[in-house]
Structure formats: structure tokens, C-alpha cells
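Add 1014 to the 1-based position in the sequence shown for the working numbering, that's all there is to it. By construction, the Cβ of each residue, glycine as well, lies at the ideal position given by its N, Cα and C atoms.
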Amino acid sequence: MRFFFHTSIYICTFAPQFFKCTIMAAIGNIRKHSTLLVIVIGVALAAFVLGDFAKGGGGSRNVNVGEVDGEEVTIMEFNSEAEKNIDATMQQQQKDRLSSDEIFSVKDQTWNDIVHRIIMDNEYESVGISVTPDELFDLVQGPTPHPLILQYFKDPNTNQYDRNLVVQYLQNMETLPESAKQQWVRFEKYIKDDRLRSKFNTLISKGYYVPSALATMNYAEQNDKANIEYVAAKYIDINDSLFNPTERDYQKYYDENKENYKQKASRGIEYVIFNIVPSAEDVQLAENEMQQITIELKETPDPLRFVKVNSDKPIDTSWFAEGQLPVQIDSIMFNSKVGTVSQPYKLNNVFNVARLMEIGNRPDSMRSSHILIAYTGAFNARLEVERTRAQAEAFADSLFNVLKRQPNKMKAFAKKYSNDPSVESNDGDLGWFQDGAMVYSFNEAVYNTKVGNFTLTETPFGYHIIEVIGKGDLVKKVKVAQVEREVYASDKTYQKTFAKASKIATECKTEDEFNNMLTEKRLNKREQPVLREMSNFIAGLNNPRQIVRWAFNEETELGQVSSVFDLDDKFVVAVLVSSEPDGYPSLESVMERIEPRVYNEFKGEYLLNKMNDLDGNMAKIKADMSVTDKEVNPLFYGSRNLPGFTIENEVIGSVFGMKKGDVSQPIIGTSAVFIVKVNDMTKVAGISDYAPTITAMTDDFSQRVDQDRPFQALKESLEIVDNRIDFY
């Protein structure tokens, strides 16, 4: 838990800076490419108008994101749920924003949750299961509350559940911020849903009956065993060139096994990426700008404000020890006087320049103990925290005054009052930490307080009463003002790169033309052989949904070359190379998977005939054929794998239909043809009490029920229409 607290403070320090940096970068991109932006918007607007005109204004569009067992899911309902889940995820992960991949993942989970809710709510209603208001009240405040209530509402002094904390929290609900109210609504809904799920699963589990015959069979599977020896001629050792399967052979295999190849609709694409990389001219322009910035940084009377205005990255006011700064400026900053400005340098496509602000001697590490007094709305405040910010400040101030007079109570107060989860394991002692590792206000409070003294400070987590326990040796540290300017591709570079991509998109009308031009221009072609409707991954690309939607558009034809896709810092042109419908794919599309299996059928018959020609004699077969021979002691009836091979159900099933001393006929298996001799066979006699076996089988069934298997079975039996690809 200590690590969690430290990590949370660290995140709190840098998340706002990251968000600000992202905004500044976006503004920079808009500023640098405003001309191209106008062109792109104009083209997009024209395409929209012309496209609508071409459809005569009468084109229909789904207003529902899907349908589950006849119940429509509107886009408004879906978006509302998704937005709530996105907000909850940001709050849970302590983020100001989510990446496009994270948002897609939340939306995907939202859809799955809606499907689950509709299916299960209908099922609960059909079997008469519900949770009444009185029952929900008991789950929250009653004598046997839900496990989550027991977990979250504990007296910090005894670490035991305290019902009064629940009552107090609910009584103060109206005074809580809206985010806390919504959090409670979700919390209570989870409790209700969990009880519904528990009732339903119990109903199914209680309906499971194990007949004595089934228990007897299960007991035999676990205990019947044989000692065997076998010879096996592997298919892999036979050359494919001995056989010549016909199209009829492939079709026959496919028809007999087509259920194994049933699949969701898929598309395959090939594509080329044009990375938008700053040109030498762009780099030179950025370097010239940085030279001017360097001159101005030397002359400015307010370097902090200068950095704030001119840097792509927010100012970092941390203190740095020697070796912590980039190697290009580390020595200069530690061997110069305040005010010194470095020469500009380029690192990872970013030009940098630094000015020495302060020099000081600071401890390399510090140690402190603390009591966190959180309040509702504070960063990472737990559900049971109900005090307001003003109440937290007053309470922290009173504890602080007591501890200044009676410092020996620090440990006891921390255990009793602290809202830091790590207090359960460390009694409030944070141990040694590097200078600068904590959130800024906490770190500086420890630095500015003498060892043995107490101080009070506020961070985004709440109020902290801090006891400074120790400080390490003083080391020289510096504070620097750094201007960072990323090298961006200019409008000219964007347009040149776009022109290259556009040439492919406009001049290539077919897959062959696409491939020929890529060969001619020595461009690297990439492949994505399988895309599903809701795929969100294409190698080398971020947020590729627009390409997936294009591939599945009913107007996109096989062999069609796309227009240019603009994906952040890349332009992409794709060609549709395969299209498989929902259900059974074509034989051609699964030929690569079927071909080795058809050859194995031929090899199985070939090897079976060779063994029969040798009278099925194991000694002759060992002498005349290339085979694997092995003893297995023991082989259990319930085994799925044959030692030395993988799944060989035909072989194992045959063994337990034999007697001691029997030698089998050749058996065509999954990966070889076998002849097996049974050296010993032990079949257990019936037992008088199958209760332990029945209990084990019942427990196994209940576990599978608890793994949501009933929902999966219901889902597969119902019609679900998923139109999400029409929207995102």
C-alpha cells in the first residue's frame, strides 16, 4: 500500500503537466498547419455535401447501435452509458483524459455490459428473481451487509465493520459533490446486480443433479489406468509429394468439417504508410528559432514566465542532483554561476536550451511519517470519507496542535485517524524517499521542517500532519529553466507527403496497380489479413478505426484502393484484398488451414496400409518403418493427451476398450498412426459411497456457473445485432 500512495502522489504531480503539454502541442500543431487544415476541412465538407447529394437525401442510417433479443439499443442510450463509464474510468485511474485506445476499450466494455444487462434482466424476470427495496436496504445497512460494505466501512481504530459509518455517509449524501453521489449510485447498483447474479447462479447450481451412473463413470475416468506400449508413424515424417489431393478432396473435407471454420465477418487489407517526418528545412527552421530563443532567454528578467510562454513543455521547478540532467547540460549547470544559459541542443526531435536558476545544498533523501486527513472530492478519497474540506482542515489543525505538544502520540493517531490505506502496514511511516519524489507541496514541507518537528500542509490528497524523522547528507543541487521546442513538419512537408500518398490513391484503381506502384517506388507494403468489424488494431497505426470502417463499408469492393487516410502523423493508403461474410467462409479462404489436414488424411491411409501389410506386427513395424516407440506407465482413462503427442482421443478411447495383452489394429490418430499393446489394465471396482465424487462434480459445476457460463449460453442462443461500426 505504501507503493500505491507514493505512486498516487507522483501521478498527481505530473498528470496536470502532461495534460497541459498535450494541449500546448495540439495548439502548436494547429498554428503550424492552419493552411493545410483549411484545405482538409474544405475537401471534407465538399465530400460530405456531394455524398449526400448523390444519395438524393434519402439514404437511411441506423439510429440504433444494436438490438439484443428484440430490444433496441439507441445511440443516445449507448453514448450516455459510455460517457458515464469514461468519466468513471478517468476518476478511477486519476487521469484528466483517456487515449483513443482507452476510450475504445471503455466503449467496448459498455456494449458488453448493455448486452449482459438486457439478457440477464430478461432472464431474471422470466424466472421471477428480483431484489426488493427492503432487501437492498439490508444489503447496505442490515445485520448481514454485502461484502463490499464490510470492506469499505471499517472503524480505523479497530479495523472492524462499523454500521454507523454507513448511516453517517448516507445521512450526509446531500452535502456531497455530484461525483460522489454518482459513485454511490454505481456502488449500490453493483451490490444489487451482484445479489441478482448470486440468486440466479444458486438457482442453477441447486438444480444440478448427478445420477449414480454418472458419478460411477466420472470415478472410473479418474481412476481406471493402463500400462501400454505403442509404435507411432508420424505424418510429419512422410513427404507431401507422395500425394496429389484433388479439389474434390478438399471440398469433401471442408463439407464434413465446416462447423470448425464458422467465423465472424472479416476483411483483409494491404496498406502503405507515409510517415510525416520533419524535413531538413524544417529542422533548420526550428534550430534558427531556438537560437533566437536562446538569446532572449539570456536577456529576460523573468525566465520562469519566459519558459511558460515559449516552451512546449510546462516548467519543471524540481531540484536536480548531478547526473540527473541530460548529459548535454549536466556539467555546464553544475560548474557555472546562476544565470548561465546553455547552448541549444537537439534530443529526440526536440530542441532544448536551459538557464541556471538556483544553486543549493539539499538532502539527497528524507524520511517522514504522516497522517492523511482526506475529504470528499480529494484525490483518491475512499468512499467512507464524508467530511468536507473545511472540516478536514479544522480536524487536521487540531491534531497538529495536539501532536506538537505530545509527539509520542503520532503512531497511535496515524493508526486511528489516517486515511492513507498504507497506514495498516506502516503506521504512517513513509520511510526514506528521494528529494522530489513526493508531490511538490509535501516534499517542500518536509524539506523546510527540522528533523523532529511537525508541520501541516495540503496536497490534492487532503491535509497532511507530517513528522520529519530524518534527512540524508546534503548534496549540491540546481534548479534550471528549460525551454523545449519540438521539431514539427511544416505545411510544405505535410503537402509533399500527402502528395506522395495521394498519387497512390488516385492513380491506382486495382490491387495489381497498387502492388506495381509500390514495387516501382520501393515502398514497404504491410498486410493485415484479418480484420473484424470492431477491430482496433492495425500494425504500425494508432486509432485505425476509419480504415476498418472503410473496409467493411458495403460500397467498398474487393480490390478497391482507398483514398488517403490521415492518422495523426501518418498518411495511409489501403487496398481491400479479402472479404469473408459472417458464417461459413469460402473454401479458398481457409485452404491454407485445410490443406495440411487433407494431406494428413492421405498419410493416415497410406501408413495404415503399410502397417497392415506388415500384419500389424509391432516388431516388424519397428524394423521396417520409421516410427516412434514408447511405454506409458500409467495412462489414465480421463487423460486427454498421449505422452509424446498431444490430443489423441481415438487412441486413448481404444486402449480402454481393450484387455491386458491385447494388441490393437492400426489406429489413425490426430498426428500419427498407432499400434498399441496393453501390458496391464486396472479398472476400479465400484465403491459403496460416491458422495465425495458427487460433491466434487457439483462443486465443479458451480464454479463454471460462477464464471458466467449461463450468460454465455444464453448469448449464443439469442439474436444480437451489432451496428456499432456505423457509429465509430
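- Where Gln-1123 is concerned, there is no enclosing beta strand (DSSP E), although the alpha helix (DSSP H) around it starts and stops at 1114–1141.
- Leu-1339: not part of any beta strand (DSSP E); DSSP gives it neither H nor E.
- For Arg-1211, the three-state secondary structure derived from DSSP is helix.
- Contact between Phe-1725 and Ile-1133 holds: CB atoms are separated by about 6 Å, below the 8 Å threshold.
- With respect to Ser-1678, Val-1687 sits apart: the two C-beta atoms are not nearer than 7 Å.
- In the DSSP assignment, Val-1690 forms a beta bridge with Tyr-1244.
- Where Lys-1430 is concerned, the enclosing alpha helix (DSSP H) starts and stops at 1424–1431.
- Short of 8 Å from the beta carbon of Tyr-1268, and not among the five residues preceding or following it, lie these beta carbons of its own chain, in chain order: Tyr-1275, Leu-1601, Val-1604, Ile-1608.
- From the listed residues Met-1380, Val-1492, Thr-1216, Leu-1153, the smallest Cα separation to Lys-1485 is found for Met-1380.
- For Lys-1360, the closest C-alpha among the options Asn-1302, Leu-1572, Leu-1413 is that of Asn-1302.
- Rounded to the nearest angstrom, the gap between the Cα atoms of Arg-1723 and Arg-1211 is 12 Å.
- For the options Ser-1325, Arg-1369, Ser-1332, Asp-1583, the alpha carbon positioned closest to that of Ile-1346 is the one of Arg-1369.
- Just so you know, the alpha carbons of Glu-1284 and Val-1562 end up roughly 12 Å apart.
- Leaving aside the five residues that flank Ile-1681 on each side, the residues in its chain whose CB is nearer than 8 Å to its CB run, in chain order, Glu-1664, Val-1665, Ser-1668, Val-1687, Phe-1688, Ile-1689, Val-1690.
- Of the candidates Val-1544, Arg-1540, Val-1145, the residue whose Cα lies closest to the Cα of Gly-1554 is Arg-1540.
- Secondary structure at Leu-1311: helix, using DSSP grouped into helix, strand and coil.
- Put simply, the stretch 1235–1251 touches the stretch 1638–1646. At least three CB pairs are less than 8 Å apart.
- Scanning its chain for C-beta atoms nearer than 8 Å, with the 5 sequence neighbours on each side dropped, one finds around Ile-1117 the residues Ile-1100, in chain order.
- Exposure of Lys-1322 is indicated by the presence of fewer than 16 other C-beta atoms within 10 angstroms of its C-beta.
- Fully enclosed beta strand (DSSP E) runs of no fewer than 3 residues occupy 1488–1500, 1539–1545 of the stretch 1482–1557, in order along the chain.
- In the same chain as Asp-1208, and ignoring 5 residues on each side of it, no C-beta atom comes closer than 6 Å to its own.
- At a cut-off of 3 residues, the continuous stretches assigned as beta strand (DSSP E) that sit fully inside the stretch 1315–1393 are 1359–1361, 1364–1377, 1379–1387.
- Excluding residues up to 5 positions away in sequence, Val-1286, Lys-1539 lie with their Cβ nearer than 7 Å to the Cβ of Leu-1532 in the same chain.
- Between Phe-1585 and Ala-1515, the CB-CB gap stays under 7 Å.
- Rounded to the nearest whole angstrom, the CA to CA distance from Met-1632 to Tyr-1613 is 25 Å.
- The C-beta distance from Ile-1483 to Thr-1471 rounds to 16 Å, too long to meet the 8 Å contact threshold.
- The shortest CA-to-CA distance from Lys-1109 to any of Lys-1423, Asn-1394, Val-1082 is the one to Asn-1394.
- A Cβ-Cβ distance of about 7 Å is found for the pair Glu-1336 and Lys-1490, placing them in contact under the 8 Å criterion.
- Where Tyr-1285 is concerned, the enclosing beta strand (DSSP E) starts and stops at 1280–1289.
- Spanning the alpha carbons of Asp-1378 and Gln-1107 requires a straight line of approximately 30 Å.
- Residue pairing by DSSP places Met-1695 opposite Ala-1240 in a beta bridge.
- Glu-1472 is bridged by DSSP to Tyr-1477.
- Scanning its chain for C-beta atoms nearer than 6 Å, with the 5 sequence neighbours on each side dropped, one finds around Ser-1504 the residues Asp-1296, in chain order.
- When the Cα atoms are used, Ser-1593 and Asp-1251 turn out to be separated by approximately 36 Å.
- A distance below 7 Å between beta-carbons, with the five flanking residues on each side excluded, links Thr-1308 to the following residues of its chain, in chain order: Val-1355, Pro-1358, Val-1367.
- The C-beta of Met-1452 has 16 or more other C-beta atoms within 10 Å across all chains shown, which makes the residue buried.
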